[in-house]
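A.B. asks: Going by this note's numbering, the sequence shown opens with residue 808, and the numbers climb by one from there.
Note that beta-carbon positions come from the ideal geometry of N, C-alpha and C, so glycine has one too.
Please see the structure below; I have some questions.
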Amino acid sequence: MRLGPLLALIAATGPAIAAEHLGSHTWQPAFDGAGGYSALWLDDAGAEFVTLSDRGRWIRGRLLRDGAGGVADVAVADHGPLLRSTGEPLEGREADAESLAFADGAFFVAFEGTHRIMRHDDLAAPPRRIPQPDAFAGLQGNSGIEALAADADGTLYAIPERSGAVDRPFPVHRFRGGVWDVPFALRRDGRYLVSGADIGPDGRLYLLERDFAFFGFRTRVRSFDLGGGDERTEIETAIATHDNLEGIAVWRDARGRMRVTMISDDNQRPAVQRTEFVDYILD
């Protein structure tokens, strides 16, 4: 069977999408080292953005939207390398940036490989160190802190990609008042693994998850209260609906609708994968 009809059959028999899909925009940045985007931050209007690559690069810019509200184009304002605290560009395992959150006037960036979270008052400048929990040292090599979110009070919530066992929930590491704890965990379900998180304007924690099968990726977004309860499935797609979505931002548009914008990591393989911005309405 030809691949196109087979993918269509898989999509038709997969789970239904619960939210309204506004659109997907494939982005092809025209500069060296582009691709591999694993983190996304948006301003309150869903326009100004920051994304990070797992090769230790940052991009700032603006999303241009069509009449329906989906991303139609991307205007890059600036880009550059993430730096060590000593000022040199990150390289190798140290450069694997996977998630970011904005709190206290700064960006906090989570890395795997060398598991850590760093504070960047300016993405173009060296970061400042913050305390790290002992648990980070025991995270799996390629499955570190994949999701980082901040609430309205500036508290950070960090979640690893894997929990260590299929029947073990994902621990949520919380940083507030200079101290780390693990106040709750989130149910792990089937083959889904964590790929991103954000806290929406409604104060809920939105968890982006992905599953990979031979024919592509499947995406799910669940939301929780900040005690880990009141679980709701917000978005669930069939296989190959989108690419490898890893960054998520939740915001409210001018019409008062709750919105989700996501970005995919093409794994630096543009011939077979794509970088895309994906938009959904949750209301």
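Could you give the DSSP three-state label for Phe914: helix, strand or coil?
C.D. replies: Reduced to three states, the DSSP call for Phe914 is strand.
A.B. asks: Can you grab the Cα-Cα spacing for the pair Leu897 / Gln939, in whole Å?
C.D. replies: 19 Å
A.B. asks: So which of Gly945, Ala1078, Ala882 and Pro990 has the shortest CA-CA distance to Thr858?
C.D. replies: Ala882
A.B. asks: How far does the beta strand (DSSP E) with Val973 in it extend, from its first residue to its last?
C.D. replies: It is not in any beta strand (DSSP E) - Val973 carries neither H nor E in the DSSP assignment.
A.B. asks: According to DSSP, is Gly863 helix, strand or coil?
C.D. replies: coil
A.B. asks: Apart from the five residues just before and just after Arg1017, which ones in its own chain have a Cβ nearer than 8 Å to its Cβ?
C.D. replies: Tyr999, Leu1000, Ser1002, Phe1024, Arg1025, Thr1026, Arg1027, Asn1051, Leu1052 and Glu1053
A.B. asks: Rounded to whole angstroms, what's the CA-CA distance from Arg975 to Gly830? Just pull it up for me.
C.D. replies: 35 Å
A.B. asks: Decide if Glu919 is buried, meaning its Cβ has at least 16 other Cβ atoms within 10 Å, or exposed.
C.D. replies: buried
A.B. asks: Since His828 sits in a beta bridge, which residues does DSSP pair it with?
C.D. replies: Tyr1087
A.B. asks: Quick check: what's the CA-CA separation for Arg1064 versus Phe856?
C.D. replies: 19 Å
A.B. asks: Measuring alpha carbon to alpha carbon, tell me which residue in Ile966, Ala1004 and Asp1005 is nearest Asp988.
C.D. replies: Ile966
A.B. asks: With respect to the beta strand (DSSP E) encompassing Arg891, which residues constitute its N-terminal and C-terminal limits?
C.D. replies: Counting along the chain, Arg891 falls outside any beta strand (DSSP E), and DSSP gives it neither H nor E.
A.B. asks: For Phe943, name the three-state secondary structure that DSSP assigns.
C.D. replies: helix
A.B. asks: Using 10 angstroms around the beta-carbon of Arg994, count the other beta-carbons present and answer buried if the total reaches 16, otherwise exposed.
C.D. replies: exposed
A.B. asks: Note down the Cα distance separating Glu1043 from Asp911, rounded to an integer number of angstroms.
C.D. replies: 33 Å
A.B. asks: Please state whether DSSP places Gly1063 in a helix, a strand or coil.
C.D. replies: coil
A.B. asks: Is it buried or exposed, Pro934, if we count other Cβ atoms within 10 angstroms and call 16 or more buried?
C.D. replies: Counting Cβ neighbours within 10 Å, Pro934 comes out buried, since at least 16 surround it.
A.B. asks: Which of the three DSSP states, helix, strand or coil, is assigned to Thr1082?
C.D. replies: strand
A.B. asks: Alpha carbon to alpha carbon, how far is Leu963 from Ala913? Give it in angstroms, no decimals.
C.D. replies: 12 Å
A.B. asks: Smallest Cα separation from Gly1010: which of Val1057, Asp861 and Ala852?
C.D. replies: Val1057
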